[in-house]
Amino acid sequence: MIPDTKHRDINIRVQLASFLGAHLAGIGRAGVAKIFGAMHIPRPVKEDHYEEIDRKLLLPCIKKFQHQSMEAAIYEAVDENDGDPTSLTVSGDGTWQRRGFKSIREVAAVLSCNTTPEVFDVQRLSKKCVICIGELSVKNTDSDLYDEIISNHDYESNYDGSSGGMESKGIQDIFKRSFSKYQVQYTRYIGDGDLSVMWDLTQHPSYPGIEIEKIEDINH
2 MIPDTKHRDI NIRVQLASFL GAHLAGIGRA GVAKIFGAMH IPRPVKEDHY
52 EEIDRKLLLP CIKKFQHQSM EAAIYEAVDE NDGDPTSLTV SGDGTWQRRG
102 FKSIREVAAV LSCNTTPEVF DVQRLSKKCV ICIGELSVKN TDSDLYDEII
152 SNHDYESNYD GSSGGMESKG IQDIFKRSFS KYQVQYTRYI GDGDLSVMWD
202 LTQHPSYPGI EIEKIEDINH
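In my numbering, the protein residues as written are 2 to 221.
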C-alpha cells in the first residue's frame with residue numbers, strides 16, 4: 002500500500018507504465034483499453050483522470066527529460082567543434098501528420114552532425130487548436146464551462162499559412178532561438194533540397210552579420 006492512500010503501489014506503477022506506453026506508441030487511452038481487454042485486465046482509469054495524470058505528471062516529466070537530452074546533445078556538439086559554440090553544423094527536416102500539402106500539423110527538427118546525430122531542438126506547428134474545436138459542442142449547452150475551458154487551456158494553433166511552408170517556418174524558429182536557449186549559433190545547414198528553408202534562413206537572418214552556409218545532402 003502507498004502511505005496515506007488506499008492505492009496499491011503495483012496498481013499505480015501499472016497505470017503509469019501504460020500511460021507512458023500509450024504516449025510512445027501513439028495509441029492513447031483507447032488503445033491501452035483494447036490491449037488490457039485482450040489480456041483480461043481491467044481497463045485504465047476513467048478518461049478525465051487519465052487526462053489529469055497525463056497533463057500534470059507525465060507531460061512535465063517528458064518535457065524535462067526532453068530538454069535535458071537535447072541540452073546534452075548541444076554540449077557534445079560544441080565539444081566536437083573544438084569548443085566553439087558559434088559555428089555549429091546542423092541538419093534539419095520536417096514531418097507532417099498526413100502526407101501531401103493538406104496537413105494541419107507538422108513537426109520540424111534540427112539535429113547535430115556528429116558521428117552519432119542527436120536532436121537539438123524541435124518545433125511543433127499547428128493550423129488549428131483541437132481544444133477550441135472540440136469544445137464547440139459545450140458552448141451551446143454550458144457557456145460558463147466553455148468559457149472556463151477556453152480561458153485555461155493551452156492554445157495550440159501557432160501557424161497561419163500553407164502546409165508546405167510549415168517545415169521552413171519551424172526550422173527558422175529553431176534557428177532564431179538557438180542563442181537564447183542554448184547560447185549557440187547554427188552557421189552551416191545541411192538541407193534536403195527544400196529551397197524554401199534556405200531562402201528563409203538567408204532572407205531572415207537569425208544572427209546579425211552572419212550568413213548561413215548551405216551544404217547539400219547527397220542523399221536528396
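Positions of the beta carbon are idealized from the N, C-alpha and C atoms, including for glycine.
* May I ask which residues mark the beginning and end of the beta strand (DSSP E) holding E214? => Here the beta strand (DSSP E) through E214 covers E214 to E217.
* To do: Could you tell me which residues DSSP pairs with R189 in its beta bridges?
  => Here R189 is bridged, per DSSP, to T90 and E214.
* **Range of the contiguous alpha helix (DSSP H) that encloses E81** => Element bounds for E81: L60 to E81.
* Assigned secondary structure, D161 (DSSP; H/G/I helix, E/B strand, else coil) -> In the structure shown, the three-state DSSP call for D161 is coil.
* Asked: Between S113, V120, T142 and D161, which lies nearest to K129 when the distance is taken from Cα to Cα?
  -> The residue with the shortest Cα to Cα distance from K129 is D161.
* Mark Q184 as exposed unless 16 or more other C-beta atoms lie within 10 angstroms of its C-beta, in which case mark it buried. => Its Cβ having fewer than 16 others within 10 Å, Q184 is exposed.
* Asked: Rounded C-beta distance between L126 and K182? I'm assuming under 8 Å.
  -> Not really, about 17 Å apart at Cβ, beyond 8 Å.
* Asked: Using a Cβ-Cβ cut-off of 8 Å (strictly less than) and excluding sequence neighbours within five positions of I54, which residues of its own chain qualify?
  -> Take I54, set aside five residues on each side of it, and the residues of its chain with a beta-carbon closer than 8 Å to its own are Q16, L17, F20 and V46, in chain order.
* To do: Give the range of the alpha helix (DSSP H) segment to which S197 is assigned.
  => Counting along the chain, the alpha helix (DSSP H) containing S197 begins and ends at L196 to Q204.
* **Nearest to Q186 (by Cα), restricted to the options D83, Y208, L25 and M40** => Restricting attention to D83, Y208, L25 and M40, the CA atom closest to the CA of Q186 is found in Y208.
* Could you tell me the distance, in whole angstroms, from the CA atom of I151 to the CA atom of E136? => Rounded to whole angstroms, I151 and E136 show a C-alpha spacing of 8 Å.
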